[in-house]
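Asker: For the sequence shown, my numbering begins at 911 and goes up steadily by one.
Here a beta-carbon is modelled for each residue, glycine too, at the ideal position from N, C-alpha and C.
Have a look at this one before I ask anything.
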Amino acid sequence: MKATGIVRRIDDLGRIVIPKEIRRTLHIRETDPLEIYTDREGQVILKKYSPIGEMTTFARQYAESLSQVSGHAALIADRDQFIAAAGGYKQLVGKSVGRQMDEKVHNREVVMASRGERAFISICDEGSEEYQQEAIAPILCEGDIIGSVVLLQNDSKVRMGEVEQKLLLSAATFLGRQMEQ
């Protein structure tokens, strides 16, 4: 564990403030759920909770099916990182979601764009992306954003259209409803 030198007191309601610098560094947003652990030495450990991260195996299988049906690479991410990939781009699994993608998902925007278009964004800040087209949709669970579904196409001659958009929205809706159960 890394010491920060920051000390906070618990208020009369049992609350503690996590400093802004730590929230920013760990990408903890205002409504993010945190899981609370304790250990034998009496430490209290807070960990970001990812509901979609609990279903990594299911997400991997769903990404595989989505990739086979659509003919495109399919990725599934929680709010912070990619948790599943199929049809390519498996090197992104475990990597952080890019700032531009995070912003679009946070604003509940659906993105359908080709490289060179104004709406085209970077899905990951690490490394260069080779894809030519992208489709991104947020996954909502009980009104909260819990992740996103991404389709990528490397061939500039193959265009994503209405069918891909419907597949993408269907996948995002299905995954969100799975989490509600």
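For alanine 1114, which residues of its own chain have a beta-carbon under 6 Å away from its beta-carbon, when the five flanking residues on both sides are left out?
Answerer: This structure cannot settle anything about residue 1114, because the visible part of the chain is limited to 911 through 1091.
Asker: Per DSSP, glutamine 1063 is paired with what?
Answerer: If you number the sequence shown from 1, residue 1063 lands on position 153. Looking at the DSSP assignment, glutamine 1063 forms a beta bridge with Gln1043.
Asker: Taking the alpha-carbon positions, what's the aspartate 988 to glutamate 940 distance?
Answerer: Walking along the sequence shown from the start, residue 988 turns up at place 78. Walking along the sequence shown from the start, residue 940 turns up at place 30. Answer to the nearest angstrom: the Cα atoms are 16 Å apart.
Asker: Just grab the DSSP bridge partners of phenylalanine 992 for me.
Answerer: As a working mapping, residue 992 is identified with position 82 in the sequence shown. In DSSP, phenylalanine 992 forms a bridge with Ala987, Val1003.
Asker: Note the first and the last residue of the continuous beta strand (DSSP E) segment covering isoleucine 946.
Answerer: Walking along the sequence shown from the start, residue 946 turns up at place 36. Here the beta strand (DSSP E) through isoleucine 946 covers 944-948.
Asker: Alpha carbon to alpha carbon, how far is lysine 1030 from asparagine 1064?
Answerer: For the purposes of this step, residue 1030 is taken as residue 120 along the sequence shown, with counting starting at 1. For the purposes of this step, residue 1064 is taken as residue 154 along the sequence shown, with counting starting at 1. According to the sequence shown, residue 1030 is phenylalanine rather than lysine. The alpha-carbon atoms of phenylalanine 1030 and asparagine 1064 are separated by roughly 14 Å.
Asker: State the start and end residues of the unbroken beta strand (DSSP E) segment that holds lysine 957.
Answerer: Sequence index remark: in the sequence shown, residue 957 carries index 47 (1-based). Start and end: 954-958.
Asker: Tell me the DSSP secondary structure of aspartate 922 in three-state form.
Answerer: Within the sequence shown, numbered from 1, the residue matching residue 922 stands at position 12. Coil, per DSSP.
Asker: Are there 16 or more other CB atoms within 10 angstroms of the CB of proline 943, so buried, or fewer, so exposed?
Answerer: The residue you call residue 943 lines up with position 33 of the sequence shown. That one is exposed.
Asker: With contact counted as at least three CB pairs below 8 Å, one residue from each stretch, are the region 1010-1022 and the region 967-982 in contact?
Answerer: The region 1010-1022 vs the region 967-982: no contact.
Asker: The ligand SAH and isoleucine 932: does the residue's C-beta get closer than 7 Å to at least one heavy atom of that ligand?
Answerer: Of the ligands one can find in the structure shown there are none, so the ligand SAH has no counterpart to examine.
Asker: Consult DSSP for glycine 1086 and reduce its assignment to one of helix, strand or coil.
Answerer: Your numbering for residue 1086 matches position 176 in the sequence shown. In the structure shown, glycine 1086 sits in a helix (DSSP, three-state: H, G or I).
Asker: Quick check on alanine 913: buried or exposed, where buried means 16 or more other Cβ atoms within 10 Å of its Cβ?
Answerer: If you number the sequence shown from 1, residue 913 lands on position 3. With fewer than 16 Cβ atoms within 10 Å of its Cβ, alanine 913 is classed as exposed.
Asker: Going straight from the alpha carbon of valine 1015 to that of proline 1048, what length do you get?
Answerer: Residue mapping note: residue 1015 aligns to position 105 of the sequence shown, counting from 1. Residue mapping note: residue 1048 aligns to position 138 of the sequence shown, counting from 1. Each residue's Cα considered, the two are about 5 Å apart.
Asker: Mapping DSSP to helix, strand and coil, what is alanine 1023?
Answerer: Counting from 1 along the sequence shown, the entry for residue 1023 is found at position 113. It is a strand residue.
Asker: Got a sec? Which residues, its chain only, sit under 6 Å from arginine 970 by beta carbon, not counting five neighbours each side?
Answerer: For this step, residue 970 is matched to residue 60 along the sequence shown. Ala994, listed in sequence order.
Asker: Considering only residues of the same chain and omitting the five flanking positions on each side of glutamine 1109, which have a CB-CB separation below 8 Å?
Answerer: Since the first residue shown for the chain is 911 and the last is 1091, residue 1109 is missing from the structure and cannot be characterised.
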